[in-house]
Amino acid sequence: MTISVRKLLSITVIGAALAGCGSDPASVDPGAKAAPGASRPSTAASAAPASPAAPAPRQAPTLAPGPGGLTPVFRRAPQGGQKVVALTFDADMTADQGPRAARGERFDNPALIADLRRMKVPATVFMTGRWAEEYPAEAHAIGADPTFEVANHSYSHYAFTSPCYGLPVVAGDGMRADVEKAAAAFKKARVRNAVPYFRFPGGCFDDQVLRTLAPLKMTAVQWDVVSGDAFARDADAVAEQVLAGVKPGSLVVMHCTRSAAPVTDRAVQRIVPELRRRGYRFVKVSELIGSSTRR
Numbered sequence: 634m635t636i637s638v639r640k641l642l643s644i645t646v647i648g649a650a651l652a653g654c655g656s657d658p659a660s661v662d663p664g665a666k667a668a669p670g671a672s673r674p675s676t677a678a679s680a681a682p683a684s685p686a687a688p689a690p691r692q693a694p695t696l697a698p699g700p701g702g703l704t705p706v707f708r709r710a711p712q713g714g715q716k717v718v719a720l721t722f723d724a725d726m727t728a729d730q731g732p733r734a735a736r737g738e739r740f741d742n743p744a745l746i747a748d749l750r751r752m753k754v755p756a757t758v759f760m761t762g763r764w765a766e767e768y769p770a771e772a773h774a775i776g777a778d779p780t781f782e783v784a785n786h787s788y789s790h791y792a793f794t795s796p797c798y799g800l801p802v803v804a805g806d807g808m809r810a811d812v813e814k815a816a817a818a819f820k821k822a823r824v825r826n827a828v829p830y831f832r833f834p835g836g837c838f839d840d841q842v843l844r845t846l847a848p849l850k851m852t853a854v855q856w857d858v859v860s861g862d863a864f865a866r867d868a869d870a871v872a873e874q875v876l877a878g879v880k881p882g883s884l885v886v887m888h889c890t891r892s893a894a895p896v897t898d899r900a901v902q903r904i905v906p907e908l909r910r911r912g913y914r915f916v917k918v919s920e921l922i923g924s925s926t927r928r
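Numbering (the numbering used here), first residue to last: 634 to 928.
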């Protein structure tokens with residue numbers, strides 16, 4: 634299904650506002666919904682942690698600082714590389730959405746995580762600290778499973794620069810604290826496979842923000858393929874948009890949020906086998922960055 638530029642921009646804007654699934658904060662403690670009527674695995678079943686005897690993860694590669702020491706930004710592997718693709722999933726929940734969660738709204742998607750495990754698809758989950766607080770058992774299970782790595786998506790899911798699709802904005806002097814608060818939430822949830830990567834809420838940043846976060850020694854991770862899964866109701870349309878955009882070395886942004894990205898799971902069930910049929914191999918962001926730094 635062909636998606637117009639206007640529609641793609643609209644989907645991107647919605648997705649950016651979506652809340653859904655000194656030190657290096659990401660390396661502390663080393664170590665959206667199912668189809669109507671479908672039977673879904675329970676949260677407990679899909680959150681089964683990996684063996685506690687699993688070896689400690691290696692330090693994930695990062696990019697060298699940008700000009701003037703700015704936080705480096707990674708969008709995709711260089712052109713002409715191997716047929717690899719990184720699927721990333723934003724586990725979004727804003728700082729002020731606790732009351733909605735208390736009323737039963739689900740910002741997680743255990744069925745999606747279970748399917749990624751079943752299909753043996755490595756993936757990177759960009760998690761907000763507020764999400765980790767709301768779903769500590771799931772955060773721990775994802776962060777203990779070698780299938781996944783967990784990256785920092787801020788604590789609050791507020792924007793780091795304005796305008797940014799109507800998101801509330803973190804004050805300049807609170808940016809580092811917001812990132813570090815997310816890392817603390819990961820540590821409390823015993824997230825083990827944390828990597829020193831950061832995704833800006835809404836994907837919004839400028840040089841001043843990159844300068845402010847530079848002391849954290851993280852790599853900012855963007856994307857080159859927008860899935861359009863935010864608030865989508867047509868899983869096939871989401872799958873078509875991803876399949877049309879993926880190239881060798883692509884980085885796809887999707888969401889791990891039942892309430893706001895309800896068809897992501899079904900879209901992934903189509904995306905994965907088709908990309909494998911085309912000869913693609915799925916990798917985590919750390920492998921994509923690692924292959925780029927070795928070129």
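Ideal Cβ placement from N, Cα and C applies to all residues, glycine included. Computed from a predicted model, the values in this text were never measured in an experiment.
In this model, V896 and K880 are separated by some 23 Å (Cα to Cα). A868 sits away from A827, with the two beta carbons spaced by 9 Å or more. Between G762 and E813, the alpha-carbon positions lie close to 9 Å from each other. The Cβ atoms of V803 and A792 lie closer than 9 Å to each other.
For A784, the CB contacts under 6 Å within the same chain, skipping 5 residues up- and downstream, are T757, F759, V828, Y830 in chain order. DSSP places A774 within a helical segment (H, G or I) once states are collapsed to three. Distance between K917 and R825, taken at the CA atoms: about 15 Å. Runs of the beta strand (DSSP E) spanning 3 or more residues and lying entirely within the region 729-779 occur at 756-760, in chain order. Counting C-beta atoms within 10 angstroms of its own C-beta, T852 has 16 or more neighbours from the protein chains shown and is therefore classed as buried. Annotation: H786 to D725 spans about 8 Å, alpha carbon to alpha carbon. Within its own chain, the residues whose Cβ lies closer than 6 Å to the Cβ of M887, once the five positions on either side in sequence are excluded, are F722, S860, D862, T897, listed in chain order. If you look at F819, you'll find it in the alpha helix (DSSP H) that goes 808-821. Between G882 and Q715, the gap from beta carbon to beta carbon is short of 9 Å. In the structure shown, the three-state DSSP call for P829 is strand.
Looking at T695, M752, Y768, G713, the one whose alpha-carbon comes closest to that of G731 is Y768.
Classified as exposed, Q712 has fewer than 16 neighbouring CB atoms from the shown chains inside 10 Å of its CB. Close CB contacts of H773 within its chain, under the 6 Å cut and outside five residues either way in sequence, are with A822, R823 (chain order). In the three-state scheme derived from DSSP, where H, G and I count as helix and E and B as strand, D840 is classed as helix.
For A816, the closest alpha carbon among the candidates G776, C837, C889 is that of G776. Pairing P779 with S789 gives a Cβ-Cβ distance that is not under 9 Å. In this chain, the beta strand (DSSP E) harbouring D723 covers 717-724. The distance from the Cβ of F915 to that of P755 is about 6 Å, consistent with a contact at the 8 Å cut-off.
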